[in-house]
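Colleague: This structure is in structure tokens; I'll ask about it shortly.
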Amino acid sequence: MLSYENKKEFRQAYLKYYPFVFSAVYSKTGNREDAEDICHEVFIRFMENFMKIQKRSGWLRKAVTFEIGNYYGKKAYKVDDRADIDDYKNHSLHAVENCFQDTRMVIRDVIENEENFTSDIEMVLFELVSIYGFTLKEAAGYLKMTRWQAQYMYKKTTERILQALRKKGIKGLEDLL
Amino acid sequence: MNRFRDPMKELLRMYHLDTPVPPEVRKYFLSRMGRVFSRVMKTTGSYSPIFGFFSFLYFLFKKLGVVIHLKMLLGIAIMTALLGGGIAGYFFLDTVKVPAQSDRTQQKIHRYPNALAKTEESSHRVRAAAAIIIEPLESGSVDKAVMTRLTNSLSDALNAVGGSSFSSIAVSCQSKYSLSGYVEKMEEKFIAFIRVVDNRNSSILFVTREKFESLDELEKGYSRFAGDIVTRVRGHGR
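As you go down the protein sequences, you meet chains X and R in turn. Under the numbering used here, residues 172 to 348 are what the first sequence spells out, in order. Under the numbering used here, residues 133 to 370 are what the second sequence spells out, in order.
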């Protein structure tokens, strides 16, 4: 069990990562109640391993994927609804048929590559704003920074991502857009 | 920045890599943040009322959008506790009408209802700081009513020698000295133990243990004790 100091640290981490986790879960499930249950499971696992985890955002992303599979796996036995799980698993892969699959994979690789982010918080900020549609002010509030700090960090991250895309052979955004 | 064109967002949108969460859903999850946290803490067995209270304040302020640091939170919690404690204490004292006492003494007073009655009568004297405070005498073998009588007799004996407000039955931090003791009955004989302590440094000022043939003799013996105690207390005070 965590000490009082570690519990306080966990609470701060929870506040930082909660929007990131629920957005990741909700975007994949589209159901508030299920998303809340899965968030609960993810944070239990997070707390149990809290002191061992090095890269928290990366760990949480994997935990979200694992717990969604786990949750619907258990639910399927109850409601005999395996088709939906398969749908969920394939949903993201088949979402964009015939639509620049290769480029999409390259972009995905870049934005999911932890090496393109200087810190955990930078990665969370980037995902909250660019993927989950949070405003910079909202994201800054969760991440304990000012709006201007968040804006500066986001700008720097975007530049780094574009640089990484250039290295992969994509010279300008015009090529993509 | 959101008011301006964000090429990264456009890029992700174009390649269906973004999955925006609607504002009403974000609001819903924000409102559930504290509850999910409590659930996690309870499930993992890490929940405690104190931590729960702090966390409740923490998430409440976060929800309200108030920027608050941990030290400020601690200050607020302490102020709340002091205020609550103060109000509770005021009502408690108002109900009991006895100055602040330890649990042990309260227990004793419950065991000696007559002594309590006397304490209530003389509560104003206690507040005016009697020279010596008598804790109700204890006994495992003598009847409660008799013990109350003996305690009152001892107080009267001290007051007769030292002055009307020399002693009072209760416990008060305002007094420099406190008297405690017990009386035990062995067949028809009584053994009395009396001790006077200086509350400031816990040093024993007077102590005696004597055997008496009867209850009347015991009460007469009190007059002798009283003379010695008053002399010691007054001599010590100088």
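Yeah, the Cβ is synthetic: ideal placement off N, Cα and C, and Gly gets one too.
Can you give me the C-alpha to C-alpha distance between residue 284 of chain X and residue 297 of chain X, rounded to a whole angstrom?
Modeller: In a straight line, the C-alpha of residue 284 of chain X is about 12 Å away from that of residue 297 of chain X.
Colleague: Taking the alpha helix (DSSP H) that residue 332 of chain R falls in, what are its first and last residues?
Modeller: Premise fails: residue 332 of chain R is in no alpha helix (DSSP H) and is neither H nor E.
Colleague: Which of the three DSSP states, helix, strand or coil, is assigned to residue 322 of chain R?
Modeller: Three-state result, residue 322 of chain R: strand.
Colleague: According to DSSP, simplified to helix, strand and coil, what is residue 314 of chain R?
Modeller: Three-state result, residue 314 of chain R: strand.
Colleague: Are any of the Cβ atoms in chain R nearer than 9 Å to that of residue 199 of chain X?
Modeller: Yes - at least one Cβ of chain R is within 9 Å of the one on residue 199 of chain X.
Colleague: According to DSSP, which residues form a beta bridge with residue 327 of chain R?
Modeller: Answer is R:312 and R:339, bridged to residue 327 of chain R.
Colleague: Leaving out five residues on either side along the sequence, give the residues of the same chain with a beta carbon under 6 Å from the beta carbon of residue 270 of chain R.
Modeller: Cβ within range, chain order: 314.
Colleague: To the nearest angstrom, how far is it from the Cα of residue 186 of chain X to the Cα of residue 218 of chain R?
Modeller: Distance between the alpha carbons of residue 186 of chain X and residue 218 of chain R is about 33 Å.
Colleague: Find the residues of chain X that neighbour residue 165 of chain R, judging by a C-beta separation of less than 7 Å, and give them in chain order.
Modeller: Here the neighbours are 189.
Colleague: From residue 306 of chain X to residue 162 of chain R, what distance separates their C-alpha atoms?
Modeller: About 14 Å.
Colleague: Apply the 10 Å Cβ neighbour rule to residue 322 of chain X and answer buried if 16 or more other Cβ atoms are within range, or exposed otherwise.
Modeller: Answer is buried; the Cβ neighbour count reaches 16.
Colleague: With which residues is residue 285 of chain R paired in a DSSP beta bridge?
Modeller: The partner list for residue 285 of chain R (beta bridge, DSSP) is empty, contrary to what the question assumes.
Colleague: Straight-line CA distance for residue 277 of chain R to residue 178 of chain R?
Modeller: Spanning the two alpha carbons is a distance of roughly 51 Å.
Colleague: Roughly how many whole angstroms lie between the Cα atoms of residue 222 of chain R and residue 173 of chain X?
Modeller: Near 38 Å, if we compare the C-alpha coordinates of residue 173 of chain X and residue 222 of chain R.
Colleague: For residue 238 of chain X, decide whether its Cβ has a neighbour in chain R, counting only Cβ atoms nearer than 9 Å.
Modeller: Cβ-Cβ to chain R under 9 Å: no for residue 238 of chain X.
Colleague: Which chain R residues sit within Cβ distance under 8 Å of residue 132 of chain X?
Modeller: As shown, chain X starts at 172 and ends at 348. That puts residue 132 of chain X outside it, with no answer to give.
Colleague: Quick one: is residue 222 of chain X near chain R, going by C-beta distance under 9 Å?
Modeller: Chain R, which has no Cβ nearer than 9 Å to the Cβ of residue 222 of chain X, makes this no.
Colleague: Going by the DSSP bridge assignment, what does residue 169 of chain R pair with across the sheet?
Modeller: According to DSSP, which records beta bridges pairwise, residue 169 of chain R is partnered with nothing at all.
Colleague: Does the CB of residue 304 of chain X have a neighbour CB from chain R at under 9 Å?
Modeller: Output row for residue 304 of chain X: interface = yes.
Colleague: Which residues of chain R have a Cβ atom closer than 9 Å to the Cβ of residue 185 of chain X, listed in chain order?
Modeller: Correct list: 165, 168, 169 and 172.
Colleague: Starting from the Cα of residue 183 of chain X, find the closest Cα among X:314, X:328 and X:304 and give me that residue.
Modeller: Here the closest residue by C-alpha is X:314.
Colleague: Spell out whether any CB of chain X is found under 9 Å from the CB atom of residue 161 of chain R.
Modeller: Chain X contact via Cβ: present.
Colleague: So residue 300 of chain R is in the beta strand (DSSP E); what residue range does that whole segment cover?
Modeller: That run of the beta strand (DSSP E) goes 299 to 301.
Colleague: Give the secondary structure of residue 267 of chain R by DSSP, where H, G and I count as helix, E and B as strand, and everything else as coil.
Modeller: Here residue 267 of chain R sits in coil by DSSP.
Colleague: Please name the residue or residues paired with residue 297 of chain X in a DSSP beta bridge.
Modeller: The partner list for residue 297 of chain X (beta bridge, DSSP) is empty, contrary to what the question assumes.
Colleague: Since residue 263 of chain R and residue 358 of chain R should fall inside the 8 Å C-beta cutoff, what is the C-beta to C-beta distance between them, to a whole number of angstroms?
Modeller: Rounded, the Cβ-Cβ distance is 12 Å, inconsistent with contact.
Colleague: Mind checking if residue 316 of chain X is an interface residue toward chain R, Cβ cutoff 9 Å exclusive?
Modeller: No - not a single Cβ of chain R is within 9 Å of the one on residue 316 of chain X.
Colleague: If you check the beta carbons only, do residue 329 of chain X and residue 173 of chain R fall under 9 Å apart?
Modeller: No. Outside cutoff.
Colleague: Check the DSSP bridge columns for residue 344 of chain R and list the partner residues they point to.
Modeller: For residue 344 of chain R, which the question treats as bridged, DSSP gives the partners R:322.
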